[in-house]
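Taking it in order: structure first as structure tokens, then the write-up.
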Amino acid sequence: MSTRAFCLARRKTEIPTFTKVLKAVPQGRQEYRPEPKSRSAAELATLLAAEEAALVSLLDTGTVQWKNQPPGARLADIVASYERDARAVNDRLERLDETGWTKQGRFLMEGAPPWEDTIENFVWGMFFDAIHHRGQLTTYLRPMGGKVPAIYGPSADDPGGP
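Those letters in the sequence shown? Residues 294 to 455, per my numbering, in order.
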């Protein structure tokens, strides 16, 4: 199995879990943050959606022009954006050949030098970053009055299963 095929297989497994975590954020509690320096739940959810949109741009053009976005007002809109763009990324990864996977891409962020690397390394790096932020968001759920969904096994709130 190629690293591209493995990445796609992992994304197909993880995306439903991302969606469960995003949907577990209690309505009306999106502004929760455990500490003043921490991102709010809405900011984390928006970041997860923005990373998928950035990957669509990367896979279409070879470049990401990153702009920090204000948090979405409605959680349902953030979830819909995440799901739409995650599907779009997977569709593009399915069509991508090894030449496209290993070609150079660029990540541009205001005020920072350009980051240049392979498409493969960008996709993996953003995937790992998203998993990190998903974990961060799960630590917010119980203090917000929500339930932590099963992720890699049962949680105290969700026994898992189909």
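Quick reminder that beta carbons are idealized off the backbone N, C-alpha and C, glycines included.
Within 10 angstroms of the Cβ of residue i, are there 16 or more other Cβ atoms? Answer buried if so, exposed if not.
| i | result |
| --- | --- |
| Ala298 | exposed |
| Tyr445 | exposed |
| Glu345 | buried |
| Asp384 | exposed |
| Phe415 | buried |
| Glu391 | exposed |
| Arg303 | exposed |
| Glu336 | buried |
With residue i and residue j assumed to form a contact (beta carbons below 8 Å), what rounded beta-carbon distance in angstroms separates them?
| i | j | result |
| --- | --- | --- |
| Leu301 | Leu386 | 5 Å |
In whole angstroms, what is the alpha-carbon distance linking residue i and residue j?
| i | j | result |
| --- | --- | --- |
| Arg427 | Met437 | 15 Å |
| Arg380 | Lys330 | 32 Å |
| Ala449 | Pro442 | 9 Å |
| Trp394 | Gly439 | 39 Å |
| Phe400 | Gln320 | 33 Å |
| Glu403 | Pro452 | 43 Å |
| Pro406 | Met294 | 34 Å |
| Asp353 | Pro447 | 37 Å |
| Val357 | Gly398 | 8 Å |
| Arg388 | Val382 | 10 Å |
| Gly418 | Val349 | 14 Å |
Who are the near neighbours of residue i in its chain, counting only those whose CB is closer than 7 Å to its CB and skipping five residues on each side?
| i | result |
| --- | --- |
| Glu376 | Thr312 |
Which residue's Cα is closest to the Cα of residue i: the options?
| i | options | result |
| --- | --- | --- |
| Lys360 | Leu368, Ala347 and Leu430 | Ala347 |
| Tyr325 | Asp451, Thr432 and Arg303 | Thr432 |
| Leu434 | Asp378, Pro309 and Ala334 | Ala334 |
| Lys305 | Asp378, Glu328 and Leu340 | Asp378 |
| Leu262 | Glu409, Asp422 and Gly454 | Since the first residue of the chain shown is 294 and the last is 455, residue 262 is not available in this structure. |
Which residues in the same chain as residue i place their Cβ atom closer than 8 Å to its Cβ, once the five residues preceding and following it in sequence are excluded?
| i | result |
| --- | --- |
| Ala338 | Leu315, Val318, Gln323, Pro364, Gly365, Leu368, Ile371, Val372, Tyr375 and Leu430 |
| Lys396 | Gly355, Thr411 and Ile412 |
| Ile424 | Glu307 |
| Pro327 | Thr432, Tyr433 and Pro436 |
Say the cut is 7 Å; is the CB of residue i nearer than that to a heavy atom of the ligand ZN?
| i | result |
| --- | --- |
| Met419 | Absence of the ligand ZN is noted for the structure shown, with no ligands found whatsoever. |
Might you give, ordered along the chain, the residues of its own chain that have their beta carbon closer than 6 Å to the beta carbon of residue i, omitting 5 neighbours on each side?
| i | result |
| --- | --- |
| Phe420 | none |
| Ala342 | Ile371, Ser374 and Tyr375 |
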